[in-house]
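Trainee: What follows is a structure written as structure tokens; I'll ask about it next.
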Amino acid sequence: MIVYLDADFCCHLADDGTMREVETDFFDDKCAAYIEGYRFVPHGEIWIREDGEVFHGEMIAPAEDYGALAKAQAQYELDEAAHLEELGALIEEIYSEDIDMIDDM
Amino acid sequence: MSDAYLVRRGGSGGLSPSNAVIHVKAPAGSTISFAKGGVVAKVLGPGKSHVNSADSSFADWYYAVTPDNFGSWTVTGANSEGSISQTVTVNAVKQYDVTIFFGRLYWQGNEYVGVTGGWRAAQAYYDGGDYWYNQLAITKNSGNIVLTSQRPNGTEGCLGTANKVELTRYNTLKVNVTGVSTTYYCKPRIIVSTANIGKVSAAATVQVTATGVASLNISSLRGKYYVLFCLNYTANGTCSITFDKIWLE
Numbered sequence: 240m241i242v243y244l245d246a247d248f249c250c251h252l253a254d255d256g257t258m259r260e261v262e263t264d265f266f267d268d269k270c271a272a273y274i275e276g277y278r279f280v281p282h283g284e285i286w287i288r289e290d291g292e293v294f295h296g297e298m299i300a301p302a303e304d305y306g307a308l309a310k311a312q313a314q315y316e317l318d319e320a321a322h323l324e325e326l327g328a329l330i331e332e333i334y335s336e337d338i339d340m341i342d343d344m
Numbered sequence: 006m007s008d009a010y011l012v013r014r015g016g017s018g019g020l021s022p023s024n025a026v027i028h029v030k031a032p033a034g035s036t037i038s039f040a041k042g043g044v045v046a047k048v049l050g051p052g053k054s055h056v057n058s059a060d061s062s063f064a065d066w067y068y069a070v071t072p073d074n075f076g077s078w079t080v081t082g083a084n085s086e087g088s089i090s091q092t093v094t095v096n097a098v099k100q101y102d103v104t105i106f107f108g109r110l111y112w113q114g115n116e117y118v119g120v121t122g123g124w125r126a127a128q129a130y131y132d133g134g135d136y137w138y139n140q141l142a143i144t145k146n147s148g149n150i151v152l153t154s155q156r157p158n159g160t161e162g163c164l165g166t167a168n169k170v171e172l173t174r175y176n177t178l179k180v181n182v183t184g185v186s187t188t189y190y191c192k193p194r195i196i197v198s199t200a201n202i203g204k205v206s207a208a209a210t211v212q213v214t215a216t217g218v219a220s221l222n223i224s225s226l227r228g229k230y231y232v233l234f235c236l237n238y239t240a241n242g243t244c245s246i247t248f249d250k251i252w253l254e
């Protein structure tokens, strides 16, 4: 998927006109809250943490508390599963109605 | 030099009204020495420590410094992992906190089994397509580990800690790479993961592309995670990587 990086290598799902685009599969199946809590340092580039520690890309690491990101992702997966279940029930209902209609012909 | 040491009893109690206290947190089982001006004033062994209630792998030691001994003190923690010294300037009646930690996960043949549970092949998993993942050759030498990617094309192989490692007090994971055959196809990575199954469960990752020290920012991670070293095999042929140290800072 495509993510957009700001000047501090933080990830965004929309470009505000100042960001650059990178493509990665690291965030596949991840929700927006999870993705936008991360920092992505591309290969060949350097990010310096506020304590002076230097990190070379490609590095992908949480920029915000990972516990909160993981919680958001877990809720997203629960919501997705519930949605799929509803969708499955709806499809089953339509299928049953179609079968009944055919039988009545 | 006055010989005044204080072992704090229990969880409450304050400082002596006239003395400073050097509080040392170090791996349980360590021996802590306190020196000033190159002269060792006191050595406190494991028997003089208190188990840290937050993390039983650590313990606490306390040493009181009278005002006539204020100045630059060297605190040294020693155990089977080695010896680390830190300097603390004592110039007021208050508590000075010193943390001695080695943070080693693998060091030139030592797998730090007490922390890591040992390093072994990560759990294999089926990707739902054509491949079982975790195809990796692991060679453990006396001073390093060599990982060699295996076919088939598209698979991932990881070496990982058997146990989750507590990362809360650390900000950086580092690995010293001493040999890399090629990285174009195999994309070696250090991964900090919620499960022992490679990149699918990665919380943080950094690619290793050359010899030297590679660093991963883990300052936003709290709690316990697996540490993995993975090669992603994406073309015919093999690649290998050699490392001799993995540690936390």
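As given, the protein sequences belong to chains Y and G, one line each in that order.
Heads up: the first sequence begins at 240 in this note's numbering, then just goes up one per residue.
Heads up: the second sequence begins at 6 in this note's numbering, then just goes up one per residue.
A virtual CB, placed ideally from N, CA and C, is assigned to each residue, including glycine.
Around the Cβ of Tyr67/G, are there at least 16 other Cβ atoms within 10 angstroms (buried) or fewer (exposed)?
Mentor: Counted from its first residue, the second sequence places residue 67/G at position 62. It counts as buried.
Trainee: Kindly indicate if chain Y contains any beta-carbon less than 8 Å away from that of Ile223/G.
Mentor: Taking the first residue of the second sequence as 1, we reach residue 223/G at position 218. Interface residue, yes.
Trainee: Can you list, in chain order, the residues of the region 145–156 of chain G whose Cβ is nearer than 9 Å to any Cβ on chain Y?
Mentor: none
Trainee: Under 8 Å between C-beta atoms, does Ala246/Y make it to chain G?
Mentor: Within the first sequence, the letter at position 7 stands for residue 246/Y. Chain G contact via Cβ: absent.
Trainee: Given that a residue counts as buried once 16 or more other Cβ atoms are within 10 Å of its Cβ, and exposed if not, what is Gly108/G?
Mentor: As a position in the second sequence, residue 108/G is number 103, starting the count at 1. Under this definition Gly108/G is a buried residue.
Trainee: Where does the unbroken alpha helix (DSSP H) through Tyr273/Y begin, and where does it stop?
Mentor: On the first sequence, residue 273/Y is found 34 positions in, with the first residue counted as 1. Per DSSP, Tyr273/Y belongs to the alpha helix (DSSP H) from 271–274.
Trainee: Report the three-state DSSP secondary structure of Ile202/G (helix, strand or coil).
Mentor: Looking up residue 202/G in the second sequence gives position 197. Looking at Ile202/G - three-state DSSP - the assignment turns out to be coil, as it is neither helix nor strand.
Trainee: Taking Gly87/G as the reference, which of Ile202/G, Gln100/G, Ala46/G, Ala31/G has the closest Cα?
Mentor: Your numbering for residue 87/G matches position 82 in the second sequence. Nearest C-alpha to Gly87/G: Ala31/G.
Trainee: State the Cα-Cα distance for the pair Ile27/G and Ser85/G, rounded to the nearest angstrom.
Mentor: Residue 27/G sits at position 22 when you count from the first residue of the second sequence. Residue 85/G sits at position 80 when you count from the first residue of the second sequence. Between Ile27/G and Ser85/G, the C-alpha separation is close to 23 Å.
Trainee: Would you identify the three-state DSSP class for Ala328/Y, choosing helix, strand or coil?
Mentor: Taking the first sequence and counting its residues from 1, one reaches residue 328/Y at position 89. Residue state, collapsed to three classes: helix.
Trainee: Between Gly162/G, Gln128/G, Ala167/G, Trp124/G, which has its C-alpha nearest Asn146/G's C-alpha?
Mentor: Along the second sequence, one-based indexing puts residue 146/G at 141. The residue with the shortest Cα to Cα distance from Asn146/G is Trp124/G.
Trainee: Counting only C-beta atoms, is Ser220/G closer than 8 Å to chain Y at any point?
Mentor: For the purposes of this step, residue 220/G is identified with residue 215 of the second sequence, where counting begins at 1. Yes, its Cβ sits closer than 8 Å to a Cβ of chain Y.
Trainee: Determine the extent of the beta strand (DSSP E) in which Pro51/G is found, giving its start and end residues.
Mentor: Here residue 51/G corresponds to residue number 46 of the second sequence, with the count starting at 1. Segment: none, Pro51/G is in no beta strand (DSSP E) and carries neither H nor E.
Trainee: Compare the C-alpha of Thr92/G against each of Val218/G, Ser186/G, Ala40/G, Leu49/G and name the closest.
Mentor: Here residue 92/G corresponds to residue number 87 of the second sequence, with the count starting at 1. Nearest option by C-alpha distance: Ala40/G.
Trainee: Give every residue of the same chain whose Cβ lies closer than 8 Å to the Cβ of Lys250/G, excluding the five residues on either side of it in the sequence, and list them in chain order.
Mentor: Within the second sequence, numbered from 1, the residue matching residue 250/G stands at position 245. So the qualifying residues of the chain are Arg109, Tyr111, Trp112, Gln113, Lys179, Val180, Asn181.
Trainee: Mark Arg194/G as exposed unless 16 or more other C-beta atoms lie within 10 angstroms of its C-beta, in which case mark it buried.
Mentor: If you number the second sequence from 1, residue 194/G lands on position 189. With 16 or more other Cβ atoms within 10 Å, it is buried.
Trainee: Whose C-alpha, out of Glu275/Y, Gly291/Y, Asp342/Y, is nearest the C-alpha of Leu308/Y?
Mentor: On the first sequence, position 69 is the one that residue 308/Y refers to. The shortest Cα separation from Leu308/Y among Glu275/Y, Gly291/Y, Asp342/Y belongs to Glu275/Y.
Trainee: Which residue or residues does DSSP assign as beta-bridge partners of His251/Y?
Mentor: As a first step, residue 251/Y is located in the first sequence; it is residue number 12 there, counting from the start. Beta-bridge pairing links His251/Y to Tyr243/Y.
Trainee: Does the distance from the CB of Val95/G to the CB of Ala25/G come in under 8 Å?
Mentor: To locate residue 95/G, count along the second sequence from 1; it is residue 90. To locate residue 25/G, count along the second sequence from 1; it is residue 20. Between Val95/G and Ala25/G, the C-beta spacing is below 8 Å.
Trainee: Chain G partners of Ala302/Y, CB-CB under 7 Å?
Mentor: Reading the first sequence from its first residue, position 63 is the one you call residue 302/Y. Ordered by position in chain G, the residues that pass the 7 Å Cβ test against Ala302/Y are Ser225.
Trainee: Ordered along the chain, which non-local residues of its own chain (more than five positions away) have a Cβ less than 6 Å from that of Glu260/Y?
Mentor: Residue 260/Y sits at position 21 when you count from the first residue of the first sequence. Only Ile241, Tyr243 meet the Cβ criterion.
Trainee: Starting from the N-terminal side, write out each stretch of the beta strand (DSSP E) that is 3 residues or longer and does not extend beyond the region 206–241 of chain G.
Mentor: The region 206–241 of chain G contains these whole beta strand (DSSP E) runs: 207–212, 217–222, 229–237.
Trainee: What does the Cβ neighbour count give for Tyr198/G, buried or exposed, with the cut at 16 atoms within 10 Å?
Mentor: Position 193 of the second sequence, counting from 1, holds the residue named residue 198/G. One point to set straight first is that residue 198/G is Ser, not Tyr, in the sequence displayed. Per the 10 Å Cβ criterion, buried.
Trainee: Less than 8 Å between CB atoms is the rule here; does Gln212/G satisfy it with respect to chain Y?
Mentor: As a first step, residue 212/G is located in the second sequence; it is residue number 207 there, counting from the start. So yes, Gln212/G belongs to the interface.
Trainee: Just mark Ile338/Y as buried or exposed, buried being the case when its beta carbon has 16 or more other beta carbons within 10 Å.
Mentor: Within the first sequence, the letter at position 99 stands for residue 338/Y. Sixteen is the threshold: since fewer than 16 other Cβ atoms of the shown chains lie within 10 Å of the Cβ of Ile338/Y, the residue is exposed.
Trainee: Does DSSP put Thr121/G in a helix, in a strand, or in coil?
Mentor: Taking the second sequence and counting its residues from 1, the one referred to as residue 121/G is at position 116. Here Thr121/G sits in helix by DSSP.
Trainee: One question on the structure: do Cys270/Y and Tyr315/Y come within less than 8 Å of each other, judged by their Cβ atoms?
Mentor: One-based indexing of the first sequence puts residue 270/Y at position 31. One-based indexing of the first sequence puts residue 315/Y at position 76. Cβ atoms of Cys270/Y and Tyr315/Y: closer than 8 Å.
Trainee: With hydrogens ignored, establish whether the beta-carbon of His55/G is closer than 7 Å to any heavy atom of the ligand FMN.
Mentor: This structure does not include the ligand FMN; it has no bound ligands of any sort.
Trainee: Would you mind telling me which residues of chain Y sit closer than 7 Å to Thr177/G, beta carbon to beta carbon, in chain order?
Mentor: To locate residue 177/G, count along the second sequence from 1; it is residue 172. Ordered by position in chain Y, the residues that pass the 7 Å Cβ test against Thr177/G are Glu292.
Trainee: Whole-angstrom Cβ separation of Cys235/G and Glu161/G, contact assumed at under 8 Å?
Mentor: Counting from one through the second sequence, the residue named residue 235/G turns up at place 230. Counting from one through the second sequence, the residue named residue 161/G turns up at place 156. Between Glu161/G and Cys235/G the Cβ distance is about 6 Å, and since that is below 8 Å, they are a contact.
Trainee: Determine the chain G residues that contact Gly256/Y at a beta-carbon separation under 9 Å, and present them in chain order.
Mentor: Position 17 of the first sequence holds residue 256/Y. Simply none; closest approach about 27 Å.
Trainee: Determine the closest residue to Ser2/G out of Ala97/G, Asn237/G, Val103/G, with distance taken between C-alpha atoms.
Mentor: Given that chain G is displayed from residue 6 to residue 254, the structure contains no residue 2/G and the question cannot be resolved.
Trainee: Can you tell which of Asp268/Y, Asp264/Y, Ala246/Y, Phe265/Y has the C-alpha that lies nearest to the C-alpha of Met258/Y?
Mentor: Reading the first sequence from its first residue, position 19 is the one you call residue 258/Y. Looking at the Cα atoms, Ala246/Y is the closest of the given residues.
Trainee: Mind checking Met6/G: buried by the 16 CB within 10 Å criterion, or exposed?
Mentor: Locating residue 6/G in the second sequence gives position 1, counting from the first residue. Confidence at Met6/G is low in this model, with a pLDDT of 36, below 50, so its placement is unreliable and the value that follows should be read with caution. The residue is exposed, with fewer than 16 neighbouring Cβ atoms inside 10 Å.
Trainee: Mind pulling the chain Y residues with CB within less than 9 Å of Ala208/G?
Mentor: What you label residue 208/G is simply residue 203 of the second sequence in a count that begins at 1. Here the neighbours are Ala300, Pro301, Tyr305, Leu308, Ala309.
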